[in-house]
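When the letters of the sequence shown are read in order and numbered with the UniProt record's numbering, they come out as residues 1 to 129.
As structure tokens, the structure follows; a few thoughts come after it.
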Amino acid sequence: MEARAILRNVPTSPRKMRLVADMIRGQKVSKALALLKFQPQAASPVLHKVLLSAVANWQQLNEDTKLEDADLIVKTVFIDGGRMLKRLRPAPQGRAHRIRKRSNHITIVIDDAAVSIASADKQAVITES
1 MEARAILRNV PTSPRKMRLV ADMIRGQKVS KALALLKFQP QAASPVLHKV LLSAVANWQQ
61 LNEDTKLEDA DLIVKTVFID GGRMLKRLRP APQGRAHRIR KRSNHITIVI DDAAVSIASA
121 DKQAVITES
């Protein structure tokens, strides 16, 4: 059974966050956590914390299964644009330039690899017939 974690209004531009999110998409959770731990980008600790939250949510949903026995993978990672704060920066000759301070929303979905492969096989059989 899949579990997800959502973090809203992270004060980082979505473009910078997507660079880090693309690295962990489709990886095993243990490998993704190791990747995020040693990345130099500022977005890495934020994604690391959200991924740990998704794992905790998965444990709440699957109390009968041990975390060590489950082969968890990062199924999907969404980085959506969030609220934009608009500020003014003084410019020459009395004008002003608009500065857009971007934010984003992070959604991470994790699932057991065996369950997601089995459901993918079922989908393939249905579409073939």
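Quick reminder that beta carbons are idealized off the backbone N, C-alpha and C, glycines included.
Since the structure is predicted, the reported quantities are computational estimates derived from the model, not experimental observations.
How would you write the range of the beta strand (DSSP E) that Arg98 sits in, first residue to last?
-> Sequence index remark: in the sequence shown, residue 98 carries index 98 (1-based). Counting along the chain, the beta strand (DSSP E) containing Arg98 begins and ends at Ala96 to Lys101.
Following the continuous beta strand (DSSP E) through Arg87, name the residue where it begins and the one where it ends.
-> Taking the first residue of the sequence shown as 1, we reach residue 87 at position 87. Counting along the chain, the beta strand (DSSP E) containing Arg87 begins and ends at Leu85 to Pro90.
Does the Cβ of Asn104 have 16 or more other Cβ atoms within 10 Å, making it buried, or fewer, making it exposed?
-> As a working note, residue 104 is residue 104 in the sequence shown. A residue is called buried when at least 16 other Cβ atoms come within 10 angstroms of its Cβ; Asn104 meets this threshold and is buried.
Is Lys75 helix, strand or coil by DSSP?
-> Locating residue 75 in the sequence shown gives position 75, where the first residue counts as 1. It is a strand residue.
Check whether the segment 42-53 touches the segment 87-95, taking contact to mean three or more Cβ pairs, one atom from each stretch, closer than 8 Å.
-> No: fewer than three Cβ pairs fall under 8 Å.
Please classify Lys49: does DSSP put it in a helix, a strand, or coil?
-> The sequence position of residue 49 within the sequence shown is 49, counting from 1. Correct three-state label for Lys49: helix.
Three-way DSSP call (helix, strand, coil) for Arg15 in this model = Working through the sequence shown from its first residue, we reach residue 15 at position 15. Looking at Arg15 - three-state DSSP - the assignment turns out to be helix.
For Glu63, decide whether its Cβ has a neighbour in chain D, counting only Cβ atoms nearer than 9 Å.
-> No chain D is part of this structure, which consists of one protein chain only.
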